[in-house]
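Reading the sequence shown from the start, the letters are residues 3 to 845 in the numbering used here. All C-beta atoms, glycine included, are put in the ideal place defined by N, C-alpha and C.
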Amino acid sequence: MAEPRQPVADTPAQPGPAELPPAPNLLADPGPLSAPPGLSPQLSTPPLTAPTADAAPADEPLWVLPQAVVPERIPTLPGARPVRDRGYLDRPESAGKITAEPIERDSARLERGLEWAYCGPRPPSAGAPGDPLAPPADAPAGPIDLNAGGIVYRRDSSVVDAVGGVSMVRDEQRVETDALRYDRRRQTVISPANTYLEYPQLRILGDGAEINLDTEQGRVDAPRFRLSGPLNVRGRADTAYVVSPSRTAYRDILYTSCPPGSNAWSLRANRLKLDQESGLGIARDAHLRIAGMPVLYTPYLQFPIDDRRRSGFLAPSFGSSQDNGFELKTPYYWNIAPNLDATFTPRLMSERGLLLGTELRWLTRPDAGELRAEVLPDDSAHEGDERFRWAVNALEEGRWLGRLRTSLDFSAISDDQYLEDLGNNIDATSTRRLRQRGDVTYFGRGWSLRTRLEGFQTIDDTRPSARPYGRLPQILFRLNPQDLLPERVPANLGRPSLSFDAEYNYFDHNHRVRGQRFSMTPVLSWPLQRSFGHLIPGARLYLSSYDLTDTDPGAPTDPGHAIPSLDLDGKLIFERETRWLGEAALQTLEPRLYYLYTPFEDQRETPVFDSSELDFSFANLFRNNRFTGRDRIGDANQVTAGISSRMLRATTGEELLRLSLGQIYYFSNRRVQIAGPPQTDDTSPYTGELTAQLLEHWSGRASFQWDPDTAEDTLPRRTLRLVYQDPEQRMLNLAYRTDLTPAEQNRYEDADVSFRLPFGARAEMVGRWLYSVRHGETMDAFAGIELGQCCWRIRVLGRHFKRRPQDAASTSVMLQVELAGLGAIGDPIGAFLEREIYGYTPY
Numbered sequence: 003m004a005e006p007r008q009p010v011a012d013t014p015a016q017p018g019p020a021e022l023p024p025a026p027n028l029l030a031d032p033g034p035l036s037a038p039p040g041l042s043p044q045l046s047t048p049p050l051t052a053p054t055a056d057a058a059p060a061d062e063p064l065w066v067l068p069q070a071v072v073p074e075r076i077p078t079l080p081g082a083r084p085v086r087d088r089g090y091l092d093r094p095e096s097a098g099k100i101t102a103e104p105i106e107r108d109s110a111r112l113e114r115g116l117e118w119a120y121c122g123p124r125p126p127s128a129g130a131p132g133d134p135l136a137p138p139a140d141a142p143a144g145p146i147d148l149n150a151g152g153i154v155y156r157r158d159s160s161v162v163d164a165v166g167g168v169s170m171v172r173d174e175q176r177v178e179t180d181a182l183r184y185d186r187r188r189q190t191v192i193s194p195a196n197t198y199l200e201y202p203q204l205r206i207l208g209d210g211a212e213i214n215l216d217t218e219q220g221r222v223d224a225p226r227f228r229l230s231g232p233l234n235v236r237g238r239a240d241t242a243y244v245v246s247p248s249r250t251a252y253r254d255i256l257y258t259s260c261p262p263g264s265n266a267w268s269l270r271a272n273r274l275k276l277d278q279e280s281g282l283g284i285a286r287d288a289h290l291r292i293a294g295m296p297v298l299y300t301p302y303l304q305f306p307i308d309d310r311r312r313s314g315f316l317a318p319s320f321g322s323s324q325d326n327g328f329e330l331k332t333p334y335y336w337n338i339a340p341n342l343d344a345t346f347t348p349r350l351m352s353e354r355g356l357l358l359g360t361e362l363r364w365l366t367r368p369d370a371g372e373l374r375a376e377v378l379p380d381d382s383a384h385e386g387d388e389r390f391r392w393a394v395n396a397l398e399e400g401r402w403l404g405r406l407r408t409s410l411d412f413s414a415i416s417d418d419q420y421l422e423d424l425g426n427n428i429d430a431t432s433t434r435r436l437r438q439r440g441d442v443t444y445f446g447r448g449w450s451l452r453t454r455l456e457g458f459q460t461i462d463d464t465r466p467s468a469r470p471y472g473r474l475p476q477i478l479f480r481l482n483p484q485d486l487l488p489e490r491v492p493a494n495l496g497r498p499s500l501s502f503d504a505e506y507n508y509f510d511h512n513h514r515v516r517g518q519r520f521s522m523t524p525v526l527s528w529p530l531q532r533s534f535g536h537l538i539p540g541a542r543l544y545l546s547s548y549d550l551t552d553t554d555p556g557a558p559t560d561p562g563h564a565i566p567s568l569d570l571d572g573k574l575i576f577e578r579e580t581r582w583l584g585e586a587a588l589q590t591l592e593p594r595l596y597y598l599y600t601p602f603e604d605q606r607e608t609p610v611f612d613s614s615e616l617d618f619s620f621a622n623l624f625r626n627n628r629f630t631g632r633d634r635i636g637d638a639n640q641v642t643a644g645i646s647s648r649m650l651r652a653t654t655g656e657e658l659l660r661l662s663l664g665q666i667y668y669f670s671n672r673r674v675q676i677a678g679p680p681q682t683d684d685t686s687p688y689t690g691e692l693t694a695q696l697l698e699h700w701s702g703r704a705s706f707q708w709d710p711d712t713a714e715d716t717l718p719r720r721t722l723r724l725v726y727q728d729p730e731q732r733m734l735n736l737a738y739r740t741d742l743t744p745a746e747q748n749r750y751e752d753a754d755v756s757f758r759l760p761f762g763a764r765a766e767m768v769g770r771w772l773y774s775v776r777h778g779e780t781m782d783a784f785a786g787i788e789l790g791q792c793c794w795r796i797r798v799l800g801r802h803f804k805r806r807p808q809d810a811a812s813t814s815v816m817l818q819v820e821l822a823g824l825g826a827i828g829d830p831i832g833a834f835l836e837r838e839i840y841g842y843t844p845y
């Protein structure tokens, strides 16, 4: 900085340089700052005051302030008016006058260039902040730019006194005030008057300040502050201490994440620390106020100011239901390590007792996993003999040494009624079996080898003999398609390939035949592919042998089969330019024929370990076996004819419409069945799919199965879904699903309606109604309302649901209150709605 010229006027003797104040002490109670001693009297200026009309002489005009010194205002808010805290004696008419916050002098300086696109911690959807909290620690300090109406420089003490519109800028620091003293040796600045401080993502406006430019530490009296970037909050206090741009402390503070002009909620505390480096706020002697009314006092409050993980109690949740009574959850989160954490959740139910839940999560370089466990030592509402109840679930996915992968999915519960009594959603309470599976897979160059252990815990009233088999173990070798011709051979006529599967299983069961099965399936194909279609001939051989135990009397213990199969798949693609709803489009027409021949082989002596019949749908028309697994190989002499047409947007290739229709023509009876007589129909039912982007924001999807030869119901399977969703988050889902095929356990007919309806930016309604047309029962119905603004939200939702049509209905109520920048209390309703409403995403 250039040295200013010494003034020629006589000046009184000046004292030494201003002393740097001691380090901030939150227990101290400093008074307001006074003018620095020794400030040049020629430069001292009293504050501007406007005389009243009565004091002005009749023959002199009133003072008119220049536009440059008129205090700034936020133009979008009404004028300032007195405000006070709400009291318990306030009446509705008086309380309504204090919910809006006044606009204080120079308030626009704190808000200039900043937005309130979000309140509180920056959401992940907003991206990373544009500016860093501070320049790198090893970066050299830049020069100081000092501008003022008048400057006095004392060369002997290196002290500068400046007055009159003072502005001091160095790097990311800015000081604006009416007068200041700057000690160049100690890099300290003392300002006795109205002072504006600006750091990256921190602005403070106060009545006086003491600042160290090197350490960026200081103290501000009567501050009003604004934090931005990672945290959008503001407030005012008696005193503010700046430890660094990311760490501040306040005494006698009013803190809120609401935008200016809103007093929806605030936190008034004797002391408050905001540490953006650790992501924590700590308040002492704090009162939570809603619309100015104190609603909660706590001597100590620690709350997160970002989404980082840290140990501590999470927001409690509560609710009520008919079965469990009043419920309260108080989870505690333990951040054990950056890659390891745990959550302990006591769940108090007034009708059942205390349930203790634990969740352990880990993430290492080779794997990641979760372990959940629950224990209810004494269930007072359980009707069974055993009142000690528990549940456990373990998930793991890993990749070791580059080629070795592991997977674990294990669940177990103490009794069959556990999920019905203590589950919290229909998916959990309607589960019929729990999987217990572990995999180890090695991936080689073009091949893989998998070892699996798999079992199930059945939790319904299924007959013991109908329960699924366990695999103890399964060993599967798979050879990926290998070209049979060298690469130098031209590929004009396609490239034949060979693939191969080999599998060993030991199937375990306590009430049925069990034993070993070894199977192999070599596959040869010769694909001829072009841009206008493809022709793919193929051949395969199904080989299986068994070694069985506990077979029926007279049944063989070592059955087996060797069944060849041939298929030919052909498809053509035609396209033309056209228009769709007024815009350029490309329409395709894609006919497809698929011939399959598999000779009949009597397989009645082989057990059914893992085979079942596939659902009849358009996607399954072109499969080489109508059964899953390897125990049943369906005999076939048939041709599948299908046709599809798509409408594509010419500019982007986006699919606007797809219509598919297909049918199978049989040349022989299908004698191989899992149960029932042979099928003798000459043709299959028609099956098709339709998806479309309809009008703006509307889309639809439909699938159907049409059998004109059936007398009872010509459309035994059909699904229809209509969806509306616009950028304003308005949403409507209409769905109808039915399956009236002969298998009784699979029959259903449901109507499903769900919606989301915002009312401006402050309120929205949500709801769902799931109705079983077949049983004439409402299976699930809920409705909720959400009210809120940028800095607060409250959600209330009521639910009525049945686990099964014959069960009695239960009701529950969920409540959640969220204060941005402070936390949320209540049930996680947002996660519930994501699961229950198709396409729902929280704000």
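Spatial neighbours of residue 225 in its chain, beta-carbon cut-off 6 Å, leaving aside the 5 residues before and after: For the purposes of this step, residue 225 is identified with residue 223 of the sequence shown, where counting begins at 1. Correct list, in chain order: 206, 208, 239 and 242.
Stretch pair the stretch 823-831 + the stretch 332-351: three plus CB contacts closer than 8 Å: no
Range covered by the alpha helix (DSSP H) that runs through residue 109: Along the sequence shown, read from residue 1 onward, the residue named residue 109 stands at position 107. Unbroken alpha helix (DSSP H) run through residue 109: 109-113.
Host beta strand (DSSP E) of residue 284 (start-end): By 1-based counting over the sequence shown, the position of residue 284 is 282. 282-292 is the extent of the beta strand (DSSP E) around residue 284.
Rounded straight-line distance, which links the Cα of residue 688 to that of residue 667: Along the sequence shown, one-based indexing puts residue 667 at 665. Along the sequence shown, one-based indexing puts residue 688 at 686. Looking at the two C-alpha atoms, the distance is approximately 11 Å.
Close Cβ partners of residue 84 (< 6 Å) along its chain, the five nearest in sequence each way excluded: On the sequence shown, position 82 is the one that residue 84 refers to. At residue 84, the pLDDT of 39 sits below 50, so the modelled position is not reliable; the number obtained from the coordinates is stated separately. Taken in chain order, the list of residues that qualify is empty.
Inter-residue spacing [alpha-carbon to alpha-carbon] between residue 748 and residue 738: The residue given as residue 748 occupies position 746 in the sequence shown. The residue given as residue 738 occupies position 736 in the sequence shown. In a straight line, the C-alpha of residue 748 is about 16 Å away from that of residue 738.
Residue interval of the alpha helix (DSSP H) (run including residue 831): As a working mapping, residue 831 is identified with position 829 in the sequence shown. 831-838 is the span of the alpha helix (DSSP H), which, as asked, contains residue 831.
Closest Cα partner of residue 803 within the set 329, 357 and 324: Residue mapping note: residue 803 aligns to position 801 of the sequence shown, counting from 1. For the residues 329, 357 and 324, the minimum Cα distance to residue 803 belongs to 324.
Distance CB(residue 801)-CB(residue 782) smaller than 9 Å: The sequence position of residue 801 within the sequence shown is 799, counting from 1. The sequence position of residue 782 within the sequence shown is 780, counting from 1. The answer is yes: Cβ separation under 9 Å.
Same chain, Cβ closer than 6 Å to residue 691, five either side skipped, listed in chain order: One-based indexing of the sequence shown puts residue 691 at position 689. These residues qualify, in order along the chain: 620, 662 and 705.
Beta-bridge pairing of residue 573 - partner residues as DSSP gives them: Position 571 of the sequence shown holds residue 573. DSSP lists 536 and 594 as partners of residue 573.
Rounded C-alpha distance that separates residue 833 from residue 819: Taking the first residue of the sequence shown as position 1, residue 833 is located at position 831. Taking the first residue of the sequence shown as position 1, residue 819 is located at position 817. Straight-line Cα distance between these residues: approximately 14 Å.
Continuous alpha helix (DSSP H) stretch holding residue 423: start and end: For the purposes of this step, residue 423 is taken as the residue at position 421 of the sequence shown. Annotation for residue 423: the continuous alpha helix (DSSP H) segment containing it runs 420-424.
Alpha-carbon spacing of residue 370 relative to residue 361, whole angstroms: Here residue 370 refers to the residue found at position 368 when the sequence shown is read from its first residue. Here residue 361 refers to the residue found at position 359 when the sequence shown is read from its first residue. Between residue 370 and residue 361, the C-alpha separation is close to 14 Å.
Assigned exposure category for residue 234 - 16 Cβ within 10 Å defines buried: Counted from its first residue, the sequence shown places residue 234 at position 232. Label assigned to residue 234: buried.
Cβ-Cβ distance between residue 870 and residue 799 below 9 Å: Nothing in the structure corresponds to residue 870, since the chain is present only between 3 and 845.
Sequence-distant residues of the same chain with beta carbon closer than 6 Å to residue 37, five excluded per side: The residue given as residue 37 occupies position 35 in the sequence shown. Note on residue 37: pLDDT 39, under 50, position unreliable in the model; no value is reported.
Residue 474 beta carbon less than 9 Å from that of residue 515: The sequence position of residue 515 within the sequence shown is 513, counting from 1. The sequence position of residue 474 within the sequence shown is 472, counting from 1. Cβ distance not < 9 Å, so residue 515 and residue 474 don't count as in contact.
Every unbroken beta strand (DSSP E) within the stretch 298-355, with a cutoff of 3 residues, ordered by chain: 319-323, 327-331, 334-339 and 342-351
Residue 165 vs residue 155 beta-carbon contact at 9 Å: Here the question's residue 165 lines up with position 163 in the sequence shown. Here the question's residue 155 lines up with position 153 in the sequence shown. Cβ distance not < 9 Å, so residue 165 and residue 155 don't count as in contact.
Whole-Å CB distance - residue 534 paired with residue 611, under 8 Å assumed: Taking the sequence shown and counting its residues from 1, one reaches residue 534 at position 532. Taking the sequence shown and counting its residues from 1, one reaches residue 611 at position 609. Actually they are not in contact, since the Cβ atoms of residue 534 and residue 611 sit about 43 Å apart, beyond 8 Å.
Span of the beta strand (DSSP E) around residue 782: Looking up residue 782 in the sequence shown gives position 780. Unbroken beta strand (DSSP E) run through residue 782: 779-790.
Inside the stretch 430-478 only - beta strand (DSSP E) runs reaching at least 3 residues: 435-445 and 449-460
Contact set for residue 650: own chain, Cβ-Cβ below 8 Å, skip 5 residues either direction: The residue labelled residue 650 in the question sits at position 648 within the sequence shown. Here the set comprises 587, 588, 589, 590, 656, 657 and 658.
For residue 392, the first and last residue of its enclosing beta strand (DSSP E): Walking along the sequence shown from the start, residue 392 turns up at place 390. Counting along the chain, the beta strand (DSSP E) containing residue 392 begins and ends at 391-402.
Secondary structure, beta strand (DSSP E): runs of 3+ residues fully inside the stretch 485-563: 499-510, 516-527, 530-532 and 535-551
Cα-Cα separation between residue 231 and residue 247, rounded to whole angstroms: For the purposes of this step, residue 231 is identified with residue 229 of the sequence shown, where counting begins at 1. For the purposes of this step, residue 247 is identified with residue 245 of the sequence shown, where counting begins at 1. Near 12 Å, if we compare the C-alpha coordinates of residue 247 and residue 231.
Start-to-end residues for the beta strand (DSSP E) that takes in residue 198: As a working note, residue 198 is residue 196 in the sequence shown. Residues 197-201.
Where the beta strand (DSSP E) containing residue 702 begins and where it ends: As a first step, residue 702 must be located in the sequence shown, where it is residue number 700. First-last of the beta strand (DSSP E) with residue 702: 700-708.
Exposure of residue 33, with buried meaning 16 or more beta-carbon neighbours within 10 Å: Here the question's residue 33 lines up with position 31 in the sequence shown. Bear in mind that the predicted position of residue 33 carries a pLDDT of just 42, short of 50, making it unreliable; the figure below should be weighed with that in mind. Flag for residue 33 reads exposed.
Reference residue 352; option with closest CA among 320, 744 and 624: Taking the sequence shown and counting its residues from 1, one reaches residue 352 at position 350. Ranking 320, 744 and 624 by Cα distance to residue 352 puts 320 first.
Nonlocal neighbours in the same chain, by C-beta distance under 7 Å from residue 670, ignoring five residues either side: Position 668 of the sequence shown, counted from the first residue, corresponds to residue 670. Hits under 7 Å: 639.
Reduced DSSP secondary structure (H/G/I, E/B, other) of residue 694: Within the sequence shown, residue 694 is the residue found at index 692, counting from 1. Three-state DSSP puts residue 694 in a strand.
Close beta carbons around residue 178, own chain, < 6 Å, minus the five adjacent residues each side: Walking along the sequence shown from the start, residue 178 turns up at place 176. Once the five neighbours on either side are set aside, the close Cβ partners of residue 178 are 169 and 198.
Three-way DSSP call (helix, strand, coil) for residue 800 in this model: Here residue 800 refers to the residue found at position 798 of the sequence shown. The answer is strand: DSSP assigns residue 800 an E or B state.
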